[in-house]
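Following: one structure in structure tokens, then a few remarks.
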Amino acid sequence: MDTTEQIFATGASATTLWALSWEGTVADVVTWLRLTTSNGATHKGGYGGPSLNPGSPVSVYTGSSDKTPNGAILRVSSDVTDLKVSTSDGATQSVQLVRHPIHENVLVEALVYPHGTSITAMNVSDATGQHAVVMTHAQV
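Position 119 of the sequence shown, counting from 1, maps to 118 under numbering that gives the first Met the number 0, and the rest follow consecutively.
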């Protein structure tokens with residue numbers, strides 16, 4: 000199997016382009032988030048581990064750099080229909096979930112939010128309704 004980094008989703012916020020990619024093998028895959036600002040500053044962070052963390056509907060990797068906005072990789076099960084994320088600046092974003100090319104039954108998305116802020120709340124929607132995600136230290 001080819002283990003070269005492969006981009007599977009891209010997007011943009013007001014000042015930053017982002018790309019989600021994966022690298023590795025099915026048994027040992029890392030999901031990467033690369034942020035590139037309009038002035039050329041970049042930051043790349045990765046998230047390995049299980050497809051989803053046991054006991055939480057959202058698995059989150061957060062990363063930051065002094066020269067880029069904060070970034071997060073958000074992974075949820077494929078039965079989630081909507082994910083809303085609130086940050087400490089009072090903003091709430093509904094993210095567009097895409098299938099992860101390697102993790103089975105997992106949807107993933109990138110979140111870009113202002114440097115110096117943190118994720119304060121998440122709500123997932125699925126066939127049974129909308130549910131608040133209990134935030135843990137690992138998710139903020």
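From the three backbone atoms N, C-alpha and C, an ideal C-beta is built for every residue, glycine too. Remember, predicted model here, so these are calculated numbers, not experimental data.
Beta-bridge pairing of residue i - partner residues as DSSP gives them
i: Met121; result: Val84
i: Ala13; result: DSSP output for Ala13 lists no bridge partner at all.
i: Lys43; result: Arg33
i: Leu110; result: Ala71
i: Gly62; result: Gly70
i: Val94; result: Leu82
Proximity of residue i and residue j at Cβ, strictly below 8 Å
i: Val107; j: Pro56; result: no
i: Leu19; j: Gly62; result: no
i: Val94; j: Asp125; result: no
i: Trp17; j: Gly10; result: yes
Residue from the options with nearest C-alpha to residue i
i: Gly45; options: Asn38, Ser37, Gly39, Val29; result: Val29
i: Leu96; options: His102, Ala90, Arg74; result: Arg74
i: Ser50; options: Arg98, Thr3, Ser37; result: Arg98
i: Asn69; options: Gly47, Thr127, Ser12; result: Ser12
i: Val25; options: Glu103, Ala120, Thr119, Ser117; result: Glu103
i: Asp81; options: Asp65, Val132, Gly39; result: Val132
i: Ser76; options: Ser117, Gly54, Gln92, Thr67; result: Gly54
i: Gly39; options: Trp21, Thr67, Tyr60, Gly48; result: Thr67
i: Ile140; options: Asp27, Gln92, Asp65; result: Outside the displayed span of the chain (0 to 139) sits residue 140, for which this structure offers no information.
i: Asp65; options: Val105, Ala8, Pro100, Thr36; result: Thr36
i: Gly48; options: Ile101, Met134, Thr116; result: Ile101
Where residue i falls, given that 16 or more other Cβ within 10 Å makes a residue buried
i: Ser58; result: buried
i: His130; result: exposed
i: Thr127; result: exposed
i: Gln5; result: exposed
i: Ala120; result: exposed
i: Thr140; result: This structure does not reach residue 140, given that the chain is present from 0 up to 139, and the question cannot be answered.
i: Ala90; result: exposed
i: Met0; result: Bear in mind that a pLDDT of 47 at Met0, under 50, signals an unreliable position, so the model cannot answer this.
Minimum Cβ-Cβ distance from residue i to chain D less than 8 Å
i: Gly44; result: Here there is only one protein chain, and chain D is not present.
*Between the segment 112 to 124 and the segment 80 to 97, do at least 3 Cβ pairs fall closer than 8 Å?*
Taking one beta carbon from each stretch, the segment 112 to 124 and the segment 80 to 97 have 3 or more pairs nearer than 8 Å; the two touch.
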